[in-house]
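First up is the structure itself, then whatever we jot down about it.
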Amino acid sequence: MEKNKIVFGHDFLKMLGRTRLRPGGGIMTDWLLDQVQIDKDMQVLEVACNRGDNLIRVYTKYKCKVIGIDNDQVVIDQALENIKLLGLDKEIEVMNIDALKLDFEDETFDLIINEAMLTMLPNEEKAKALKNYHRVLKKGGYLLTHDVAVENESEDIRRQLSKFTNMNVYPLTVENWNKLFIENSFRPFSQRTGRMLLLDRDTIIKDEGPVGAANFYKNAYSEENRDRFVKMLERSKNTKISYVVLASKKED
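Per UniProt numbering: the sequence shown = residues 1 to 252.
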């Protein structure tokens, strides 16, 4: 139980069996991908690829060039194992690269996918990451972002969300997310927002399937995990947290 109290929120939920760790659930990731016409000739980069779920889904659907990066070697190893088990290790690349130090040539990618990561960065680092994305995107390239939005950026809300995730986070309002992208030469052209669905039962069933969802709740309400999970549920309900999905286009 003590170990679970210090594990980051997303790692705790992964331990319970949650695989699509997105503020708006997998359905909003799917909606976001539908905002761009992806084809086999495109070069796609996912920043903070985690265990490779999106990489595998994007490649198997579009057969395009896909590269994932993360700065956590543990999840990179998990992604590589998943990709190899599916026989896709020649088609999908995964690398240990920090979003703030993208080691790619200018104008390499047609599309960048970035989910549930920018909130983890202080605002000046958010801007630095976006400048990196802008540099490695081709002219007219796209950025797809899925993240957390808040009603206001008060210290109280930031503190509550940090308790929920068990790590420091720096969420923005929907208005300020848009402003951030525009200030860094991206033009948002499609977006959705709504209440956070990460711990919503129906969303969990859709994301994990009925059997996977049942196993998730079995683990969540086990003796060693129940206290922390219930606290996460309560904080999720009591804190006004939303998801925001934004499709943006690079402007020169």
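Glycine is no exception: its CB is placed at the ideal position from the N, C-alpha and C atoms.
All of these numbers come straight from a predicted model, not from anything done at the bench.
In the DSSP assignment, F109 falls within the beta strand (DSSP E) that extends over 109 to 115. At the C-beta level, F186 and L144 stay beyond 8 Å of one another.
Assignment of Q43 by DSSP, reduced to helix, strand and coil, places it in the strand class. Distance from K40 to C64 at the Cβ level is roughly 5 Å; contact confirmed, criterion being Cβ atoms closer than 8 Å.
Scanning its chain for C-beta atoms nearer than 7 Å, with the 5 sequence neighbours on each side dropped, one finds around D53 the residues T19, R20, in chain order.
Taking a cut-off of 8 Å for Cβ pairs, the region 146 to 154 and the region 167 to 179 touch, as three or more such pairs fall below it. Taking 8 Å as the cut-off, the Cβ atoms of S248 and P210 do not count as close. For the pair D207 and I27, the Cα-to-Cα distance works out to about 8 Å. Following the DSSP letters along the chain, one finds P188 inside the beta strand (DSSP E) bounded by residues 186 to 195. Ranking L130, K237, I157 by CA distance to the CA of N184 puts L130 first.
In the DSSP assignment, K65 falls within the unbroken beta strand (DSSP E) covering 65 to 70. Annotation: the continuous alpha helix (DSSP H) that includes D207 extends over 201 to 220.
If you draw a straight line from the Cα of D89 to the Cα of E81, it comes to about 9 Å. Between E91 and Y62, the gap from beta carbon to beta carbon reaches 8 Å or more. C-alpha of S190 to C-alpha of Q35: approximately 7 Å in a straight line.
Inclusion of K128 and D110 in the CB contact set at 8 Å is not warranted, their separation being larger than that value. Exposed is the label assigned to N152, since fewer than 16 other Cβ atoms lie within 10 Å of its Cβ. L144 carries a strand assignment under DSSP once its states are collapsed to helix, strand and coil. Counting every other CB atom within 10 Å of its CB across the protein chains shown gives R159 a total below 16, marking it as exposed.
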